[in-house]
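One structure below.
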Amino acid sequence: MATSNSPAEQLITENIDIWTSAIKKRGSQGRGSNKKFELHGIKKLRELILELAVRGLLVPQDPSDEPASVLLEKIAAEKEQLIKEKVIRNAKLAEENEMPSVKFDVPRGWKLPLLNDLILNSSDDIVDGPFGSKLKASEYVDEGIPIIRIQNIGRNVFKDNGLQYLTEEKAASLSRHAFNAGDVVLNKLGEPTGKVCIVPDAISQGIIVADIIRIRLNEEYHDKQYIVHCMNSPIVAYQFSGLAKGVTRQRVNLSQVRSLKVPLPPLKEQRRIVGRVDELMALCDQLEQQTESSLLAHQTLVETLLNTLLNADQNSFDQAWERIAQHFDVLFTTEHSIDQLKQTILQLAVMGKLVPQDPNDEPASVLLEKIAAEKEQLIKDKVIKKQKVLSPVEVDEELFKLPTGWAWSRIGEFSLIGPRNLLDDDLEVSFVPMPLISTSYKGDHEQEVRLWSELKKGYTHFANGDIGLAKITPCFENSKASIFSDLKNGFGAGTTELHIARPLLEEINPLFVLLYLKAPMFLEVGKTKMTGSAGQKRIPKSFFEGNPFPLPPEAEQPRIVAKVDELMTLCDELKVRLQEAQETKLHLADAMAEQALNS
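In our numbering, the protein residues as written are 2 to 600.
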């Protein structure tokens, strides 16, 4: 790749590690994307390359180039003659006060014209699609004349997936809105507006829809690819921002697009800029591919090593953990890897692999005998009704091999499922709707205060120490589950989309039960047991109360909970340090981009 001695390009090419390490976690997943991260540094680098290009900072100016003013004079003269001959007509422009001001130091030989000044026949060479009443989705057919929609347009990328078609007859009736291969197309609707690309040769002709603008350029006067780069650059993107108007669907209008200011170099310099941009964008492509491959490889390595912990037996677990511990600072260097570690900690906790077993602990089988006796006494005293008898966990139901002293049970065996509160109407209690229940491993929740008379009907009842599990999608999959605590007067009610378990003995540690409800294996199995229609699927009560539950000895339960707290605190500290370091890298990438523009 050719090199440049300019300070701006040195910042690009000599700081590759900064551009590739500035990675941002996605706040939400984009439609059609399964990536959990955004390569912010490389994205910023692409924007910087275009910004440098259209500011005249990417390639040197050549005083022997014919200046852009001459190009504009030629276009203006030809346009004036065509108007005089009534071949074309003037097109409507936006009022100057409608358009954002553009601060731009024009390099030698450059001009800053309106886009309309570059178009020979502005009324025919820059047109938008037909109004919706002229073209409806119901008129699309499986084959025929292709149409271009918003989803087909990216920044300098035409996306030919999902093309739709019209009959030849319908397309002929919309001939004013036709495009040819090589035309420039732009989206005027959506967020962000103003993405621009060139129609590829593979699509020879077709029709644009209402939310697209087609621009036809005379290559005698411009390098088409330069104009596309220019319109995709931050300078033109800034002009688009704030222009879109509308109540439900915001658009820019055609007169505004014609009135965009476009930095215009001499024609020969346009071609040099395109060549240099292509080289640097290819470099960005390579960096992006290498970074994504590296992140994927790292993710796979972490998953593989953590799985060795889950699959290790008592004899090999310590060795597997030691392998991970020796490389802790190398393995857990992304938010995703730390989140994976947290999930593994939860799963190890409920499998009995997180703390050593003490042979002096009273085994869980004794605890189950105590529970059975307590339940029988409560029924005899008419404190609770006779419960449905749950069958013992069979061998083929066991999810993994239990440590010595543990026993398979079911939540419904040691808990009262769906208890009801009998309280005075004027008693103040806590109200906990679903949004106030967190997804944290501790199951924190917030609350509001209401009178019991407002909540006793139509809500789920609970009390301090009860365990609640969200049963509806996507709250279940997102691990919404809580131990209710600090409730007003010890009682509360909340969303009907909860299953509630009230342990029958204090010897059952609700925090350990919560870890089980948060563990990946329980959630994965639960997803397969949900019933109902799409968007309204729920975990049935039978799964909540009857799924096999790994019960540790009473004394081991708090040791496990304490160890989980310790390790989760370590993970949170790791994440904070990582986020601080990542924030520094993001700021550094932004600062370098700013420095390049001011160099």
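Just so it is clear, CB atoms sit at the ideal spot from N, CA and C, and this is done for glycine as well.
Keep in mind it's a predicted model, so treat the numbers as computed, not measured.
- Taking C-beta separations shorter than 6 angstroms and ignoring five residues to either side along the sequence, the partners of Arg272 in its chain run Asp224, following chain order.
- With three or more CB-CB distances shorter than 8 angstroms, the region 456-474 counts as touching the region 495-502.
- Exclusion of the five residues before and after Asp129 leaves Ile214, Leu255 as the residues of its chain whose Cβ lies within less than 6 angstroms of its Cβ.
- Contact between the region 549-558 and the region 307-321 is absent, with fewer than three C-beta pairs closer than 8 angstroms.
- With a threshold of 16 other beta carbon atoms within 10 Å, Leu515 meets it and is buried.
- Look at the beta carbons and you see the region 169-181 touching the region 121-138: at least three pairs across the two are nearer than 8 angstroms.
- Residue state for Pro360 is assigned as coil, using DSSP reduced to three classes.
- In this structure, the CA atom of Ser139 is about 12 angstroms from the CA atom of Thr168.
- When C-alpha distances from Ala172 are compared across Glu370, Gln206, Ser543, the shortest belongs to Gln206.
- With a cut-off of 8 angstroms on Cβ pairs, the region 181-195 is in contact with the region 230-243, counting three or more such pairs.
- The shortest CA-to-CA distance from Ala326 to any of Leu571, Arg47, Ala77, Ala502 is the one to Leu571.
- Around the beta carbon of Glu74, fewer than 16 other beta carbons lie within 10 angstroms, which makes this residue exposed.
- Counting the other Cβ atoms within 10 Å of the Cβ of Val258 gives 16 or more, which makes it buried.
- Beta-bridge analysis with DSSP links Tyr166 to Val142, Pro147.
- When DSSP states are grouped into helix, strand and coil, Ala179 belongs to the strand group.
- Ranking Val526, Asp286, Tyr222, Leu121 by CA distance to the CA of Lys269 puts Tyr222 first.
- Under the three-state reduction of DSSP output, Ile120 falls in the coil class, being neither helix nor strand.
- Judged by beta-carbon spacing, Phe492 lies beyond the 8 angstroms limit of Gly527, meaning their Cβ atoms are not closer than that value.
- Of the residues assessed, Asp467 falls on the buried side of the cut-off, its CB having 16 or more other CB atoms within 10 angstroms.
- For the 8 angstroms CB-CB criterion, Met569 and Tyr442 form a contact.
- Cβ contact annotation for Lys160 (same chain, cutoff 6 angstroms, sequence separation greater than five): Asn153, in chain order.
- If only complete runs of 3 or more residues are kept, the region 191-232 shows the beta strand (DSSP E) at 197-199, 206-209, 213-216, in order along the chain.
- Contact between the region 315-331 and the region 416-436 is absent: fewer than 3 CB-CB pairs across the two stretches fall below 8 angstroms.
- Restricting attention to Tyr517, Glu293, Phe318, Glu52, the CA atom closest to the CA of Phe38 is found in Glu293.
- Following the DSSP letters along the chain, one finds Ile501 inside the beta strand (DSSP E) bounded by residues 499-504.
- The beta carbon of Glu414 sits closer than 6 angstroms to the beta carbons of Leu391 from its chain, once the five residues preceding and following it are set aside; these are given in chain order.
- Beta-bridge partners assigned by DSSP to Glu449: Phe432.
- In this structure, Val185 and Leu218 form a Cβ contact; the two beta carbons are roughly 6 angstroms apart against a cut-off of 8 angstroms.
- Taking the C-beta atoms as reference points, Glu377 is found no nearer than 8 angstroms to Gln341.
- Residue pairing by DSSP places Val128 opposite Arg215 in a beta bridge.
- With at least 16 other beta carbons inside 10 angstroms of its own, Asp126 counts as buried.
- Collapsing the DSSP output to three states places Trp111 in coil.
- Of all alpha-carbon atoms in Ala23, Leu51, Leu488, the one lying nearest the alpha-carbon of Ile228 is that of Leu51.
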